[in-house]
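A.B. asks: Numbering (this note's numbering), first residue to last: 27 to 461.
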């Protein structure tokens with residue numbers, strides 16, 4: 027089995043799988059490395075804004091998404107204390123997709139990964155990247171499977187890092203540990219059945235030391251997710267030493283948000299609480315001599331505005347639009363060309379996403395601090411449309427991707443892959459030469 031590829035992508039979340047599909051459909055040979063087995067639950071608000079639904083169509087999973095995703099999200103709410111203020115979500119101008127919907131990451135990620143297999147991407151899963159060495163145009167990626175102590179080196183001129191927020195590469199883990207502080211945010215998520223949350227409502231939750239959200243996703247399952255400061259979490263846990271961290275968060279949300287308490291009355295939690303962190307909101311676009319970054323690896327907004335999935339999907343389209351542009355050189359090993367691609371991509375990324383990061387940070391700090399949240403709730407109560415305006419500013423109806431990209435892609439040749447035959451599975455790894 028080959029070990030040389032046109033592109034190697036680290037991470038098979040929405041960003042990584044989308045990029046793999048786009049490049050493979052353009053005729054590139056692509057290896058996609060994913061550490062986790064799918065399907066798997068993941069800490070995420072699981073909302074997909076209307077601006078992304080045409081992208082899912084173009085990637086080839088639109089019909090399945092439409093059949094399994096949760097109800098259309100038409101209303102937004104701000105919940106704090108006894109207050110619940112409801113307003114309209116902005117409507118997309120796309121005639122086919124006017125409203126966003128929610129779909130669990132276990133389902134969405136699996137759909138995208140299976141689509142990548144179908145269009146010819148070599149998926150190495152479960153498989154972790156040990157190191158990425160070399161230089162632009164000549165990268166060497168050392169990877170190791172979960173069932174082996176030996177490594178395989180993948181060679182590629184184009185390396186794309188889509189590892190997300192918390193699946194950092196070994197070289198960056200020490201920095202992550204050293205940068206922790208009492209103000210760090212940790213994220214939690216749980217799923218519930220039989221809640222009384224109105225379908226089509228997207229509540230934003232505000233409480234002392236944190237913020238969160240709720241939504242009804244696929245199969246009628248409600249997702250409850252939130253972020254909380256480390257110091258507040260520690261204090262709450264000391265006050266309830268017999269409870270696990272997730273149970274502390276659930277009790278806190280019920281206590282400080284009447285809307286959550288009412289929605290969960292009579293509901294049953296499905297599975298355990300999930301927790302990750304600390305979060306590291308901000309821009310992380312790499313230097314010109316680094317691998318390309320997409321998704322949360324490139325930059326992360328506070329999850330309060332629910333734009334993580336948008337930034338993941340749309341950043342992959344932005345990068346692939348430049349990689350597959352009309353100025354593509356005869357050889358993609360060209361360092362000068364890749365530097366120019368990286369420069370253009372970074373400029374475009376900032377143009378589309380930097381304002382979202384700033385808005386999310388401002389809203390997050392208002393929501394989690396009692397001194398600021400009271401005026402915020404008062405303003406929303408007096409002018410509910412501020413929630414509609416905020417959602418529009420946050421990017422709910424604005425897409426950074428150029429859908430014309432799909433028209434430039436070279437169709438995959440016929441055969442089992444494109445005709446719906448059985449895609450390659452993890453057994454495909456058995457043919458690789460490890461050392």
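Virtual Cβ for every residue (Gly too), placed ideally from N, Cα, C. Remember, it's a predicted structure, so these values are computed and weren't measured experimentally.
Quick one: does the C-beta of residue 253 sit closer than 8 Å to a heavy atom of the ligand SAH?
C.D. replies: Ligands are entirely absent from the displayed structure, and the ligand SAH is therefore not among its contents.
A.B. asks: Give a yes or no on contact between the segment 51-64 and the segment 88-95, applying the rule of three or more CB pairs nearer than 8 Å.
C.D. replies: no
A.B. asks: Tell me the start and end of each unbroken alpha helix (DSSP H) in the segment 324-370 that is at least 4 residues and wholly inside, in chain order.
C.D. replies: 334-349
A.B. asks: Give the list of continuous beta strand (DSSP E) stretches no shorter than 3 residues that lie fully inside the segment 258-318.
C.D. replies: 294-302
A.B. asks: Quick check on residue 377: does DSSP put it in helix, strand or coil?
C.D. replies: Within the chain shown, numbered from 1, the residue matching residue 377 stands at position 351. Of the three classes helix, strand and coil, the one that applies to residue 377 here is helix, per DSSP.
A.B. asks: Assuming residue 303 and residue 210 make a contact with CB atoms under 8 Å, what is their CB distance in whole Å?
C.D. replies: Along the chain shown, read from residue 1 onward, the residue named residue 303 stands at position 277. Along the chain shown, read from residue 1 onward, the residue named residue 210 stands at position 184. Contact holds; Cβ gap of about 7 Å.
A.B. asks: Which class does residue 164 belong to by DSSP, given the choice of helix, strand or coil?
C.D. replies: Taking the first residue of the chain shown as position 1, residue 164 is located at position 138. It is a strand residue.
A.B. asks: Which of helix, strand or coil does DSSP assign to residue 201?
C.D. replies: The residue you call residue 201 lines up with position 175 of the chain shown. In this predicted model, residue 201 has a pLDDT of only 48, less than 50, meaning its place in the structure is not dependable; the value taken from the coordinates is given anyway. DSSP places residue 201 in helix when its eight states are reduced to three.
A.B. asks: With respect to the beta strand (DSSP E) encompassing residue 35, which residues constitute its N-terminal and C-terminal limits?
C.D. replies: Numbered from 1 along the chain shown, position 9 holds the residue referred to as residue 35. Per DSSP, residue 35 belongs to the beta strand (DSSP E) from 33-36.
A.B. asks: Could you tell me which residues DSSP puts in a beta bridge with residue 231?
C.D. replies: Locating residue 231 in the chain shown gives position 205, counting from the first residue. Answer is 105, 238.
A.B. asks: Hey, would you say residue 403 sits closer than 9 Å to residue 151, going by beta carbons?
C.D. replies: In the chain shown, the residue the question calls residue 403 occupies position 377. In the chain shown, the residue the question calls residue 151 occupies position 125. Remark: C-beta atoms of residue 403 and residue 151 do not approach each other more closely than 9 Å.
A.B. asks: Which of the three DSSP states, helix, strand or coil, is assigned to residue 29?
C.D. replies: Counting from one through the chain shown, the residue named residue 29 turns up at place 3. Correct three-state label for residue 29: coil.
A.B. asks: Is it true that the CB of residue 76 sits closer than 9 Å to the CB of residue 339?
C.D. replies: One-based indexing of the chain shown puts residue 339 at position 313. One-based indexing of the chain shown puts residue 76 at position 50. Going by C-beta atoms, residue 339 is not nearer than 9 Å to residue 76.
A.B. asks: Assuming residue 129 and residue 72 form a contact by the criterion Cβ under 8 Å, report the distance between their Cβ atoms to the nearest whole angstrom.
C.D. replies: Working through the chain shown from its first residue, we reach residue 129 at position 103. Working through the chain shown from its first residue, we reach residue 72 at position 46. That belief holds up - the Cβ atoms of residue 129 and residue 72 are roughly 6 Å apart, short of 8 Å.
A.B. asks: For residue 375 and residue 309, I'd like the C-alpha separation in whole angstroms.
C.D. replies: For the purposes of this step, residue 375 is identified with residue 349 of the chain shown, where counting begins at 1. For the purposes of this step, residue 309 is identified with residue 283 of the chain shown, where counting begins at 1. So the alpha carbons of these two residues sit roughly 10 Å apart.
A.B. asks: Within the segment 110-189, note down every full beta strand (DSSP E) run reaching 3 residues or more, in order along the chain.
C.D. replies: 148-150, 153-161, 164-171, 177-182, 184-187
A.B. asks: With which residues is residue 217 paired in a DSSP beta bridge?
C.D. replies: Within the chain shown, the letter at position 191 stands for residue 217. DSSP lists 249, 296 as partners of residue 217.
A.B. asks: Would you be able to state if there are at least three C-beta pairs under 8 Å between the segment 283-298 and the segment 223-239?
C.D. replies: The answer is yes - the segment 283-298 touches the segment 223-239, with three or more Cβ pairs under 8 Å.
A.B. asks: Is it a yes or a no for the segment 267-275 touching the segment 96-105, going by three-plus beta-carbon pairs under 8 Å?
C.D. replies: no
A.B. asks: Just tell me which of 407, 31, 115 has its CA closest to the CA of residue 183.
C.D. replies: Your numbering for residue 183 matches position 157 in the chain shown. Ranking the options by Cα distance to residue 183, first place goes to 31.
A.B. asks: In whole angstroms, what is the alpha-carbon distance linking residue 225 and residue 405?
C.D. replies: Locating residue 225 in the chain shown gives position 199, counting from the first residue. Locating residue 405 in the chain shown gives position 379, counting from the first residue. For residue 225 and residue 405, the distance between alpha carbons rounds to 25 Å.
A.B. asks: Measuring CA to CA, which of 386, 358, 69, 369 is closest to residue 213?
C.D. replies: Residue 213 sits at position 187 when you count from the first residue of the chain shown. The option with the nearest alpha carbon to residue 213 is 69.
A.B. asks: Tell me which residues share the same chain as residue 38 and place their Cβ nearer than 6 Å to its Cβ, disregarding the 5 neighbours each side in the sequence.
C.D. replies: Counting from 1 along the chain shown, the entry for residue 38 is found at position 12. The answer, listed in chain order, is 58, 60, 139.
A.B. asks: Between the Cα of residue 44 and the Cα atoms of 96, 307, 320, which residue gives the shortest distance?
C.D. replies: Taking the first residue of the chain shown as position 1, residue 44 is located at position 18. Distances from the CA of residue 44 to each of 96, 307, 320 were compared; the closest alpha carbon is that of 320.
A.B. asks: In this structure, how does DSSP classify residue 57 when only helix, strand and coil are distinguished?
C.D. replies: Counted from its first residue, the chain shown places residue 57 at position 31. Three-state DSSP puts residue 57 in a strand.
A.B. asks: Looking only at its own chain, which residues have a Cβ that is under 6 Å from the Cβ of residue 365, when we skip the five neighbours before and after it?
C.D. replies: In the chain shown, counting from the first residue as 1, residue 365 sits at position 339. Cβ within range, chain order: 314.
A.B. asks: Quick one: grab the DSSP three-state call for residue 64.
C.D. replies: Position 38 of the chain shown, counted from the first residue, corresponds to residue 64. Of the three classes helix, strand and coil, the one that applies to residue 64 here is coil, per DSSP.
A.B. asks: Is it the case that the Cβ atoms of residue 219 and residue 131 are separated by a distance below 9 Å?
C.D. replies: Translated into positions along the chain shown, residue 219 becomes position 193. Translated into positions along the chain shown, residue 131 becomes position 105. Against a cut-off of 9 Å, the Cβ pair of residue 131 and residue 219 comes out as no contact.
A.B. asks: Assign residue 282 to one of two classes, buried (16 or more other C-beta atoms within 10 Å of its C-beta) or exposed (fewer than that).
C.D. replies: Taking the chain shown and counting its residues from 1, the one referred to as residue 282 is at position 256. When all chains shown are included, residue 282 counts as buried.
A.B. asks: Using DSSP bridges, identify the partner residues of residue 212.
C.D. replies: Your numbering for residue 212 matches position 186 in the chain shown. 254, per the DSSP bridge assignment.
A.B. asks: Does the beta-carbon distance from residue 389 to residue 331 come in below 9 Å?
C.D. replies: Position 363 of the chain shown, counted from the first residue, corresponds to residue 389. Position 305 of the chain shown, counted from the first residue, corresponds to residue 331. Result yes, Cβ atoms of residue 389 and residue 331 sit closer than 9 Å.
A.B. asks: Helix, strand or coil, according to DSSP, for residue 43 in the structure here?
C.D. replies: Counted from its first residue, the chain shown places residue 43 at position 17. The answer is helix: DSSP assigns residue 43 an H, G or I state.
A.B. asks: Which residue wins for smallest C-alpha separation from residue 162, given the options 413, 397, 363?
C.D. replies: Residue 162 sits at position 136 when you count from the first residue of the chain shown. The alpha carbon of residue 162 has as its nearest neighbour, out of 413, 397, 363, the alpha carbon of 363.
A.B. asks: Since residue 464 contacts residue 421 with CB under 8 Å, what's their CB separation in whole angstroms?
C.D. replies: With the chain covering 27 to 461 only, the question about residue 464 has no answer from this structure.
A.B. asks: Compute the Euclidean distance between the alpha carbons of residue 415 and residue 116, then round it to the nearest angstrom.
C.D. replies: If you number the chain shown from 1, residue 415 lands on position 389. If you number the chain shown from 1, residue 116 lands on position 90. Across the structure, residue 415 and residue 116 are spaced so that their CA atoms are roughly 8 Å apart.
A.B. asks: With a cut-off of 8 Å on the beta carbons, I'd call residue 381 and residue 392 a contact; round off their distance for me.
C.D. replies: Along the chain shown, read from residue 1 onward, the residue named residue 381 stands at position 355. Along the chain shown, read from residue 1 onward, the residue named residue 392 stands at position 366. With a Cβ gap of about 17 Å, residue 381 and residue 392 do not count as contacting.
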